[in-house]
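At position 85 of the sequence shown the residue is numbered 420 (our numbering), and the sequence of numbers has no breaks. By construction, the Cβ of each residue, glycine as well, lies at the ideal position given by its N, Cα and C atoms. One structure is given below, encoded as structure tokens.
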Amino acid sequence: MTLTERPLILISNDDGVFAKGLRELCVALKDLGDLIVVAPDRPQSGSSSAITVSVPIHYAMVSTEPGLTVYSCSGTPADCVKLALNEIVPRMPDMVVAGINHGSNHSIMVNYSGTVGAAIEGTIYDIPSFAISLAEGTQDSDFMDACRYARLIARRIFKEGIPKGVYLNVNVPDVPEVRGLKISSQADGRYDKEFIRQVTPKGDDVYWHTGDIVLREPENKSWDIKLLERGFATVVPCNIDVTDYEYIQQIKHWEDLK
């Protein structure tokens with residue numbers, strides 16, 4: 336980036352290009368740099384880092400104004416970032432921001448979220464990236480606090496950077512007054528009672544994904560979900576390298592297997 340260039344920020348999400356959280360995020364970040372939005376043309380929640388390989392994808396401009404251009408894409412959030420970086424942006428962005436997600440992405444949900452998947456994709460390309468979510472967020476929610484933290488974190492990243500291979504998963508509680516920001520760890524939990532069965536008029540069984548996060552014992556007060564319950568915004572640093580290096584040493588003797 337030259338001294339005369341404004342930072343370039345790529346934005347995506349999994350709630351779709353017309354989601355309120357995305358619009359509010361653009362307003363919050365617009366004076367920090369030039370924004371290019373490439374977001375799914377429909378909701379893609381739960382798509383994680385999925386990419387489209389069996390059919391072609393396409394994109395179209397939704398709107399443009401000085402400092403902000405918005406595109407919709409037929410693919411997943413990860414597709415959106417990949418396509419943007421390979422075909423759309425005029426140069427490599429200085430940051431990728433994913434969100435603001437309508438609903439929290441704490442605990443095990445970090446592995447399922449398409450919004451987080453967009454941040455992961457930016458990290459794969461060595462771009463400082465973070466995902467931000469508003470707990471219980473809907474089209475009617477007040478995204479002011481989530482926008483405030485998105486802006487604060489973006490400014491801090493521009494100042495200090497993020498280590499290679501690391502992305503940040505940020506969650507903000509939907510409360511009257513956020514108590515502050517905590518650096519935390521991912522809660523150890525999983526979904527329980529994940530499906531509701533219904534019967535169609537033709538007599539066929541269909542299943543709707545549902546369920547709640549159940550935490551494993553013993554619970555930890557520094558887990559993201561526990562801090563959110565107490566009214567704190569949380570930042571969990573995550574690695575795209577999922578190798579367990581400590582366990583490598585424990586199973587080295589397996590190399591003797593014939």
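Query: For the structure I just gave you, are there three or more beta carbon pairs, one from the region 396 to 407 and one from the region 426 to 438, closer than 8 Å?; Result: no
Query: Let me see if you follow: with CB-CB separation under 8 Å, is glycine 449 close to chain B or not?; Result: Although the question refers to chain B, the structure presented lacks it and comprises just one protein chain.
Query: Which partner residues does glycine 524 have in the DSSP bridge list?; Result: Leu550
Query: Give the DSSP-derived three-state secondary structure of aspartate 591 in the structure shown.; Result: helix
Query: According to DSSP, simplified to helix, strand and coil, what is glutamate 512?; Result: coil
Query: Applying the criterion that 16 or more other CB atoms from any shown protein chain within 10 Å of the CB defines a buried residue, is asparagine 504 buried or exposed?; Result: buried
Query: On the three-state DSSP scale, how would you describe asparagine 436?; Result: strand
Query: Could you give the DSSP three-state label for methionine 427: helix, strand or coil?; Result: coil
Query: Please go through the region 338 to 423 and give each complete alpha helix (DSSP H) segment of 4 or more residues, from N-terminal end onward.; Result: 355 to 364, 412 to 418
Query: Using a Cβ-Cβ cut-off of 6 Å (strictly less than) and excluding sequence neighbours within five positions of threonine 399, which residues of its own chain qualify?; Result: none
Query: Residues bridged to isoleucine 518 by DSSP?; Result: Val570
Query: Would you decide whether alanine 470 is buried or exposed? Buried here means 16 or more other CB atoms lie within 10 Å of its CB.; Result: buried
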